[in-house]
Amino acid sequence: MSTSPLVRGIKEANKKGPPEDSIAVRVAVLCAVLIAARATLAQDIGGPGLTLVAFVGIPVAFAFSHVWRHRPGFFVKVLLAIGMLLAVFHFVGQVRGTLENVATLQRPLAELFLLTQLLHSFDVPSRRDLRFSLVSSLTLIGIGGVLSISGSFALDLTLWAIAGLAALVLMDRSERAELPSPIPADDKVSPLRRSMLMNVGGAALPIAASFLAVAALAASIFLVMPATGTARALTFPAELPERRQINTEGEIENPTLAGNGQIDQSGDTSNNEPIAAYGYTGFSKFLDLNARGEPDDTIVMRVRASKPAFWRGQSFDVWDGRQWTATDETPKLMRGSPVRVPTRDDLLWRSGEDFVQTFYLRTPGPNLVFGADQPREVYFPDTGVFVLSDGTMRSAVALEADAVYTVVSQRASVSETALAGWANFTKVPTDGLSDDEIERYLQLPDTLPQRVRDLAEEVTADQPHLIGKLRAIEGWLGANTEYSLAAPRPPRGQDGVDHYLFESKLGFCEQIASSLVLMLRSLGFPARLTVGYTSGERNPLTGLFEVKASDAHAWAEVWFPTVGWLSFDPTADVPFADDGREPQARDGLGEYLNRRVSGIVGPALEGGLVVAALAATGFIAIAAIRVLRRQQALRRRSWAERWHDDLDAAGKRIGRPRLPGETARDYTGALGVTDPEFSQALKTVEAAAFSTELPPEPERAHADEALRRLVRR
Amino acid sequence: MVLLAGAFFGISRTSGAGWATVLVTGILGTCVAGFILPAIVLGRAGLSVSTPREGTVGTLLPIEVDGRTGVIADIAELGSGPFQSGKGTINVTPSRRGVFDQCKVELRTSAPLGLVVWKRSQRVTLDRSIEIGPKVIASTAPPPTARQSTGDEDVRGVRAYTPGDAMRAVHWPATARTAELTVRQYDAPSQPELVIAVDLTGDRGAAEARASRAAGLALDALDVGSVVLLATSEPNGPVTAQVASRSEINRRLARAIAGPLQIAPDCKVIEP
């Protein structure tokens, strides 16, 4: 019965084949496996024990495989099967009782695969087995990539790619080296040595060419790949490096501020200054618009999300002319795994898709649980989370570096166009809010100057609906004020927003957002000031948003009945849930490279020039040494040897090189030389070659002349 | 590898891991490179072949090849088997008798990554024709001669030994006197001693066997000093001519084809 080509191909690929004798191939595969193992272990997989076992055991296993390759491996396979069973039992013991979150399986699975790789390395006698090892190293590096959240993985991936491609090239050359090869005319290398050299010699160029080709193709494919998505997430990571209880009442705690985010009884907020360069005064109970500070570019967290969004921290509701206060004093402890955040049932414009965000904290910070608006579930590495009425979430434990939690939001399914059409269905602006909320979110201090209210009326006079009024205010602010981090403080007693709108006209996010909130409130639209972080810069390689301390931001949230609270900010694009196209993997690539390349182009150019100069010097030196050696070799050769060299060169030029073992006499006969004078010349050369005395100079000159005539002919 | 790429793609979409996307692009890039690069290598590959003038079926024959490394070549017509392309000498074992001006070369490569094999055949013109003679099958009976040796041949004289002379013709007394190897010189026979007619018509296998036996018979006859003529058919017509060396036998039988033979009517012919 004939089999299909596919079945034949699979059988052919799985044929065991002879043992692989090439050490170069084994070394290349070993390097790929070790690099992949290192990349996996670097993601906090296992501990020092597993690291030692991997880095010692795998090379030993490869060496054993090479030595044992010609012998039957039945008993080895039995021992490996026993080892595999033990590894599986260990894995089952690790994961028992932790199956409610798939994320908890990631590290034990990675450990199990690493042990499998180690055991497999003891039984890789043939080229096919080495190919399997290479594929399993691909899986290992993939595990490392899935778990990695930093750009440092790029080095591991690059080194692994070079080792992997080198292994493929060397395997291909090894397969060809099993076939006979032409013997060059002047070859003095033994067939065995030639066979060994074929595996390594000259492989550098194909490896380099392959790497460049693969890199170019991969980069091209990357430009059209869709972005990573977490819409159908299977894992919801949540980890705490150390559980340290900081409060039991749900109050805000911010160790980066002098006052820990609290305020003393006198109401003096001057001790709320940041004590860490990445601290932000807005993550506290009060937000003083007179406070000045500039958080630096420390990366405070990385966020895995399919789309950019503002990462909301908390909101403020009461304005007193100088500072905002969050007045909600009744945080509720919500327990569960995951924690289910209370949501409004009357909101109609709710997206059917979950928006999953995983936060990887890099620095200690406030006990605020950040997340996109409308959080629905929180996977938090503690028994519960405190939730306030405005959606603010706080933890009872300190959020240190390396803490991880996941928030699932169900954002309002709106776009700018949809909101414009929403006006046809608008209700009373405060519909859906409780009396307490109406009071808080329409609050205006008595000290607010009338001109602020008048300005709001004037700017929005020709806009009948909320979204139009909102955009009109944003437009006016953009046209009539300037963004500046060096905004002057208002005089004592003057309202900060009034000073910004009518006198300084210089301000940053806090002044701008506060102005928007107060102007909307004066028109009867509930609004509140919210602080958090902008989405941060997207790292196109990791797919994570890298949020810096300088991304701390304040913006306005505006109530849209039946829609919910929506964020608006004239200073930054606040992305709506349904706005924009499907994200691509290349999003942010240009800005990312621009920022990094501009910082390294200069030094790279300088370094490149130095390297080029060194390389050129090296090449010239090598070439000079080669010329000198050749000349020395020529000088050492005897007259007869040089005569033979010239004869060989002449014959090669006419396409008839001398065969191995062919004497000069036979060779010239094959070339058709019958001149008796040349026969005499041959006698002279043979005498010079095989006797201890050099023929006299006239005879040698005669022989040289005869050769010259032959060459001319 | 494509399956792995699909798996990692699924992982990147469900876990949000950006590096998984990078890995997918790398795997796909490797697959594409593994598919395209061998085609480029093969597209630029060629092989030139330089052979000696003659060879024999079943006997190692060194040929010069000059081709691109990374490619596996096979010159089945000359009995080479797969070998690595390059520049130098390769030993082939011809399996077919005949005169070859061209040969079919099959080139294949999966270089540099060894993932996909591309193949191509081309006809290569040899720089000179090669004549492959049949494998020699030694005859089991003594070679027939038209004239039995009685020891009364006309001896015309003696002369110095030249390579090829039969040892039985050495004149030992003269050799001892002159201290140089000397042989008897006989009068040339008035007519050929042995004509071997090589009929290659009919079954191909049987015809090749006849050619091989003819070669063995002719060599044996030459060894005993007979004058041998081969009657063969060549593309230009029947040829009956003397052969005086192994090389001439080889070349005549290499050129022989199935066809009519020309034999003088007064010859006593023995068909092998």
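Residue numbers (the numbering used here), protein chains in the order written: chain A, 1 to 713; chain B, 1001 to 1272.
Just so you know, even glycine gets a beta-carbon here, dropped at the ideal spot from N, CA and C.
Source: prediction; values computed, not measured.
So, is threonine 1178 (chain B) buried or exposed, given that buried needs 16 or more other C-beta atoms within 10 angstroms? Threonine 1178 (chain B) counts as exposed, since fewer than 16 other beta carbons sit within 10 angstroms of its beta carbon.
If you draw a straight line from the alpha carbon of phenylalanine 316 (chain A) to that of arginine 302 (chain A), how long is it in whole angstroms?
Approximately 25 Å between the Cα atoms of the pair.
Spell out whether any CB of chain B is found under 8 Å from the CB atom of methionine 301 (chain A).
no
message: Rounding to the nearest angstrom, what Cα-Cα distance links proline 180 (chain A) and isoleucine 10 (chain A) in this structure?
response: 27 Å
Check: Of the residues that make up the stretch 531-560 of chain A, which ones have a beta carbon closer than 8 Å to any beta carbon in chain B?
Finding: Asn539, Pro540, Leu541, Thr542, Gly543, Leu544
- Beta-carbon gap between glycine 17 (chain A) and serine 126 (chain A) smaller than 8 Å: yes
Could you tell me which uninterrupted alpha helix (DSSP H) segments, each at least 4 residues in length, are contained entirely in the stretch 1017-1055 of chain B, listed from first to last along the chain? 1018-1043
- Message: Let me see if you follow: with CB-CB separation under 8 Å, is aspartate 172 (chain A) close to chain B or not?
- Response: yes
- Query: Since arginine 376 (chain A) meets chain B, which of its residues come closer than 8 Å, beta carbon to beta carbon?
  - Reply: Those do not exist, as arginine 376 (chain A) stays about 18 Å from chain B at its closest Cβ, beyond 8 Å.
Buried versus exposed call for threonine 1150 (chain B) [16 or more other C-beta atoms within 10 Å across all chains shown]
In this prediction, threonine 1150 (chain B) has a pLDDT of 46, which is less than 50 and means its spatial position is unreliable; what the coordinates show is noted afterwards. It counts as exposed.
Using a Cβ-Cβ cut-off of 8 Å, state whether tryptophan 1019 (chain B) counts as contacting chain A. yes
Please report how far the alpha carbon of isoleucine 314 (chain A) lies from the alpha carbon of leucine 506 (chain A), in whole angstroms. The displayed chain sequence assigns glutamine, not isoleucine, to residue 314 (chain A). Rounded to the nearest angstrom, the two C-alpha atoms are 25 Å apart.
Determine the burial state of methionine 519 (chain A): buried for a count of at least 16 other Cβ atoms within 10 Å of its Cβ, exposed for fewer.
Under a 10 Å Cβ-count criterion, methionine 519 (chain A) is classified as buried, with 16 or more other Cβ atoms of the shown protein chains found around its own Cβ.
Does any CB atom of chain A fall closer than 8 Å to the CB of leucine 1042 (chain B)? Using a Cβ-Cβ cut-off of 8 Å, leucine 1042 (chain B) does not count as an interface residue toward chain A, since no Cβ of chain A sits closer than that to its own.
* Between the Cα of glycine 293 (chain A) and the Cα atoms of A:Glu686, A:Leu41, A:Ala549, which residue gives the shortest distance? -> A:Ala549
Interface flag, valine 1224 (chain B) vs chain A, CB-CB below 8 Å: no
Exercise for review: Can you check the stretch 392-467 of chain A for any beta strand (DSSP E) of at least 3 residues that lies completely inside it and give the ranges in chain order?
Suggested key: Listed in chain order, the complete beta strand (DSSP E) runs (minimum 3 residues) inside the stretch 392-467 of chain A are 404-409.
**Prompt:** Less than 7 Å between the CB of alanine 204 (chain A) and some heavy atom of the ligand SAM, yes or no?
**Reply:** Within the structure as shown, the ligand SAM is missing, as the structure has no ligands at all.
Query raised in the report: Would a C-beta distance cut-off of 8 Å place leucine 170 (chain A) and alanine 28 (chain A) closer than the cut-off?
Result: With respect to alanine 28 (chain A), leucine 170 (chain A) sits close: the two C-beta atoms are nearer than 8 Å.
*Neighbourhood of aspartate 1152 (chain B) by C-beta distance below 8 Å, restricted to the same chain and skipping five residues each side*: At aspartate 1152 (chain B) the pLDDT is 49, less than 50, meaning the model places this residue with poor confidence; the figure from the coordinates comes in the next sentence. Contacts found: none.
For leucine 115 (chain A) versus glycine 164 (chain A), is the C-beta spacing smaller than 8 Å? No, the pair does not count as a contact, with Cβ atoms beyond the cut-off.
Could you check whether the stretch 1200-1214 of chain B touches the stretch 1123-1141 of chain B, counting it as contact only if at least three pairs of C-beta atoms, one from each stretch, sit closer than 8 Å? yes
Give the residues from the stretch 1236-1269 of chain B that approach chain A closer than 9 Å (Cβ to any Cβ), ordered along the chain. Going along the stretch 1236-1269 of chain B in chain order, one finds no residue with a Cβ nearer than 9 Å to chain A.
Check: So, does the CB of proline 5 (chain A) fall closer than 8 Å to a CB anywhere in chain B?
Finding: With 8 Å as the cut-off, proline 5 (chain A) does not count as an interface residue toward chain B.
message = Here's the rule: buried if 16 or more other CB atoms are within 10 angstroms of the residue's CB, otherwise exposed. What is asparagine 290 (chain A)?
response = Exposed is the call here.
Is it the case that the Cβ atoms of glycine 1058 (chain B) and threonine 1089 (chain B) are separated by a distance below 8 Å? No, they are not a contact pair.
Coarse secondary structure for glutamine 1148 (chain B), derived from DSSP in three states: For glutamine 1148 (chain B), the pLDDT reaches just 44, beneath the cut-off of 50, and the residue's location in the model is therefore unreliable, although a value from the coordinates is still provided. DSSP places glutamine 1148 (chain B) in coil when its eight states are reduced to three.
Return yes when the Cβ of proline 526 (chain A) is within less than 8 Å of the Cβ of threonine 460 (chain A), no when it is not. No, these two residues do not count as a Cβ contact at 8 Å.
Closer than 8 Å by beta-carbon distance: list the chain A residues that pair up with isoleucine 1072 (chain B), in chain order. Arg176, Leu179
(message) With a threshold of 8 Å between beta-carbons, can isoleucine 58 (chain A) be considered close to chain B, or not?
(response) Under the Cβ distance rule, isoleucine 58 (chain A) does not count among the residues neighbouring chain B, no pair being separated by less than 8 Å.
Quiz item: Roughly how many angstroms separate the alpha carbons of valine 341 (chain A) and glutamate 377 (chain A), rounded to a whole number?
Solution: 6 Å
I need the boundaries of the alpha helix (DSSP H) containing lysine 77 (chain A), first residue and last residue. That run of the alpha helix (DSSP H) goes 74-95.
Open item on the list: Taking 8 Å as the cut-off, does the stretch 1044-1056 of chain B touch the stretch 147-162 of chain A (at least 3 CB pairs, one atom from each stretch)?
Closed with: no
Checklist line | isoleucine 23 (chain A) (DSSP reduced to helix, strand or coil) | finding: helix
(request) Classify histidine 1171 (chain B) as helix, strand or coil using the three-state DSSP reduction. (result) coil
Item to check | Proximal residues of chain A, C-beta to C-beta of aspartate 1127 (chain B) below 8 Å | outcome: Gly655
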